[in-house]
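One structure below.
Protein chains in written order, with the numbering used here: chain A, 57 to 450; chain B, 57 to 450.
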């Protein structure tokens, strides 16, 4: 695999902008990405039954597998806003397309923020009309894009990977309303690799299923979640397997960054359920643990309360596990730090407590039942999560 | 329906004790209830796949539908403790039975507290041996029992209801690891009504399904949950319908008290999902909302963020709801305080914010699809929940 180069490497043939237009306050809230040419593109959207208006319009515009631009606003999700919201999303695409001299159907809109409040269209319209001159094919432009899509994120998230002669750069946002039922935040990938649109869609589906669909911050599935990839083809074809590997690596990196930056989080948790009788059982148990508020608060408090893992494994009624085979391990495999009903060496709880003070926590739950394993990522639950969400107001 | 009389009315033919024996600290941690005669009894236990040792032993002892005594300790759940834990639970029953001069199979054991730590049997054995003289058929004895079963509860919970010439008194504990998949805490009902054991079991099943199974604090299903009813028959037969109504009323009262006293909670939430196309859809949507951390934190912060209700309704993928018919109402029905995508009168958000400052929140979610409705209860999510559970240590 090619090395990870840096967070925000611009990809030839793309330009970006990100800035404040005053939707809510003075933080950046408006972003545009533009490709020089229409690109094969693929996307995965939220499964929430009330998708935001931009998701509805984005699905339409992606129907032909082509995109040339993306327009994003943060601070307002344009969701549960009815026919007016759909019209607003279309209008943004039309105005941006006119400014860029492209077809409106080549623009994908995204909005993220509060639900149920109409977009302030006067300022959005002006921003779309004036977008063209601000676009830059630079690191600064890309990073500004990544900053402008943030909501409660504490930092912009980006990753660039070389693959053959091409580059993949991904940027993402999302730190609350995150549950891996499907892509659960905004993530945009830009590459100059050449790839057919159908291959790109299938590749993205596989990648999302093993990256963004494996993270959880708070079990809530957003109405706006979108993962998009645009491939402008300027670098020519690259090995498809290597491209998928690079996309998987970039997506996994960003997914973990989203979990690490979960609202109020102080720790990234990587949880592997192994020795499961099947993949479905492994994933169901992994999700029960990573979503358990009692497990999450114990990890926050560095409390070696392994009984809470037992409880979480046991509440997956459809997949009973014999207690005799259940073992919870903390830290790298060679650390040998584990606990079970029949093996609780002196000092183990103290060693687990010490380990849980790290900012990156690795846990393996062995079921003793088979060979299947699944990995998921999450974060601890802190007073910060409550504070952010009790105060994140309309 | 007979009136609710008071929290802790002793029932003729029962006696109780509750005291500290030093399992963890100086708070009460040991409780016994005794009936004068063997009683028809019924119970509902946790569905968690790792039930505590007392649940395993309790199921055996209940197999013949008879009980005469209950022994409870708090501060330690005797769960994930293997064969030794089962032996400890049996030993407690034997010693208590010897002290009371009854058969060990007439004793139901319960333990609640930390998981995965062996019981301190030396002090429990002494307490069981010495139990008989401490029992009292009084209000004080009953209230001491209710206090000794508490863990993170902030107050004892009890309710007494007259039915015909009989009395039902229920006491309960439980404020974390609460999710209504099945009885999810400890609750004990004592009555002097006469009723056949089979009728009692069926009645309890129906009652639990509409009371304790409808509350949620944190989506986690405890390994120790137990609801027991003992009917000593001293008051003779009463109308079965009225008895069930009284038991339902008592159970619903205690279920709401558990939600109200949820860990860190400042508000009781009563949520009704109505106009649903079926009972299952109504309940699935109600649970998605009452369990949503974003809804719970918004209510804590009195944030009129109705979009989070939309999100939670929409994440029940199997039961899509048209946005046009969805309406969220706050407060009593005659207050007329509602919001929807097409109806957002000026000042509505401010009025909702004002209402959300109450300590008891009533919410109706109308789906506009049919005639089914379901009610569930929960509580807000606060920094206090995180604090309690990050610090509640082994």
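Note that CB positions come from ideal geometry on N, CA and C, so glycine has one too.
(request) Grab the span of the beta strand (DSSP E) containing residue 434 of chain A for me, first residue to last. (result) Residue 434 of chain A: member of the beta strand (DSSP E) spanning 428–435, first to last residue.
(message) Restricting to Cα atoms, I'd like to know which of B/207, B/258, B/87, B/137 is closest to residue 314 of chain B.
(response) B/207
(request) Label residue 167 of chain B either buried or exposed according to how many other C-beta atoms from any shown protein chain fall within 10 Å of its C-beta, with 16 as the threshold for buried. (result) buried
(message) Check whether chain B comes within 8 Å of residue 411 of chain A, counting only Cβ atoms and requiring the distance to be less than that.
(response) no
(request) May I ask you to report which of helix, strand or coil DSSP gives residue 254 of chain B? (result) helix
(request) Compute the beta-carbon to beta-carbon distance between residue 94 of chain A and residue 162 of chain A, rounded to the nearest angstrom, for a pair I have assumed lies under 8 Å. (result) Rounded, the Cβ-Cβ distance is 6 Å, consistent with contact.
(request) Report buried or exposed for residue 189 of chain B, applying the criterion of at least 16 other Cβ atoms within 10 angstroms of its Cβ. (result) exposed
(message) So residue 443 of chain A contacts chain B; which residues on that side make the cut at Cβ distance below 7 Å?
(response) 439
(request) Using 10 angstroms around the beta-carbon of residue 305 of chain B, count the other beta-carbons present and answer buried if the total reaches 16, otherwise exposed. (result) buried
(message) For a contact defined as C-beta to C-beta under 9 Å, what are the partners of residue 85 of chain A on chain B?
(response) Chain B residues near residue 85 of chain A: none, gap ~18 Å exceeds 9 Å.
(request) Starting from residue 68 of chain B, follow the beta strand (DSSP E) in both directions and report where the run begins and ends. (result) Where residue 68 of chain B is concerned, there is no enclosing beta strand (DSSP E), given that its DSSP letter is neither H nor E.
(request) Classify residue 148 of chain A as helix, strand or coil using the three-state DSSP reduction. (result) helix
(request) Would you tell me roughly how many angstroms separate the C-alpha atoms of residue 108 of chain B and residue 74 of chain B, rounded to the nearest one? (result) 21 Å
(message) Under 8 Å, Cβ to Cβ, is there at least one residue of chain B near residue 106 of chain A?
(response) yes
(message) Using a Cβ-Cβ cutoff of 7 Å, what residues of the segment 207–226 of chain B are near chain A? List them in chain order.
(response) Contact residues of the segment 207–226 of chain B toward chain A are absent (C-beta to C-beta distance below 7 Å).
(request) State buried or exposed for residue 102 of chain B, treating a residue as buried only when at least 16 other CB atoms are found within 10 Å of its CB. (result) buried
(message) Strictly under 8 Å for the Cβ-Cβ distance: is residue 414 of chain B near chain A by that measure?
(response) no
(request) Taking residue 362 of chain A as the query, report the chain C residues whose CB atoms sit under 9 Å from its CB, ordered along the chain. (result) Judged by its chain identifiers, the structure shown contains no chain C, and its protein chains are A and B.
(request) Return the chain-ordered list of same chain residues with a C-beta closer than 8 Å to the C-beta of residue 439 of chain B, the five sequence neighbours on each side being excluded. (result) Here the set comprises 320.
(request) Indicate whether residue 434 of chain A and residue 271 of chain A have their beta-carbon atoms separated by less than 8 Å. (result) yes
(message) Closest to residue 138 of chain A by C-alpha separation, out of A/175, A/122, A/158, would be which residue?
(response) Answer by Cα proximity: A/175.
(request) State the CB to CB distance for the pair residue 333 of chain B and residue 201 of chain B, rounded to an integer number of angstroms; the pair is presumed to be in contact (CB under 8 Å). (result) Rounded, the Cβ-Cβ distance is 45 Å, inconsistent with contact.
(message) Is there a C-beta anywhere in chain A that falls below 8 Å from the one on residue 236 of chain B?
(response) Note that residue 236 of chain B scores a pLDDT of 35, beneath 50, so its modelled location is shaky and nothing firm can be said.
(request) Kindly say whether residue 376 of chain B, judged by its beta-carbon, lies nearer than 8 Å to any beta-carbon of chain A. (result) yes
(message) To the nearest angstrom, how far is the alpha carbon of residue 365 of chain A from that of residue 327 of chain B?
(response) One C-alpha to the other measures close to 30 Å.
(message) Using only CA atoms, which one of A/395, A/136, A/114 lies nearest to residue 396 of chain B?
(response) For the residues A/395, A/136, A/114, the minimum Cα distance to residue 396 of chain B belongs to A/136.
(request) Please confirm if the segment 75–87 of chain B is in contact with the segment 386–396 of chain B, defined as three or more CB-CB distances below 8 Å between the two stretches. (result) no
(request) Give the residues from the segment 383–409 of chain A that approach chain B closer than 7 Å (Cβ to any Cβ), ordered along the chain. (result) 397, 398, 405
(message) Whole angstroms are fine: how far does the CA of residue 72 of chain A sit from the CA of residue 194 of chain A?
(response) 8 Å
(message) In whole angstroms, give me the CA-to-CA distance for residue 266 of chain A and residue 115 of chain A.
(response) Straight-line measurement puts the Cα of residue 115 of chain A at about 22 Å from the Cα of residue 266 of chain A.
(message) Quick check on residue 281 of chain A - is its C-beta less than 8 Å from some C-beta in chain B?
(response) Output row for residue 281 of chain A: interface = no.
(request) Note the first and the last residue of the continuous beta strand (DSSP E) segment covering residue 383 of chain A. (result) 383–386
(message) I need the straight-line Cα distance from residue 296 of chain B to residue 290 of chain B, nearest angstrom please.
(response) Distance between the alpha carbons of residue 296 of chain B and residue 290 of chain B is about 16 Å.
(message) Using the Cβ count rule (16 or more neighbours within 10 Å means buried), how would you classify residue 280 of chain B?
(response) So residue 280 of chain B ends up on the buried side.
(message) Taking DSSP's pairing of strands, which residues face residue 245 of chain A in a bridge?
(response) A/226, A/285
(request) Find the nearest neighbour of residue 446 of chain B within the set A/360, A/444, A/401, A/124, judged by alpha-carbon distance. (result) A/360
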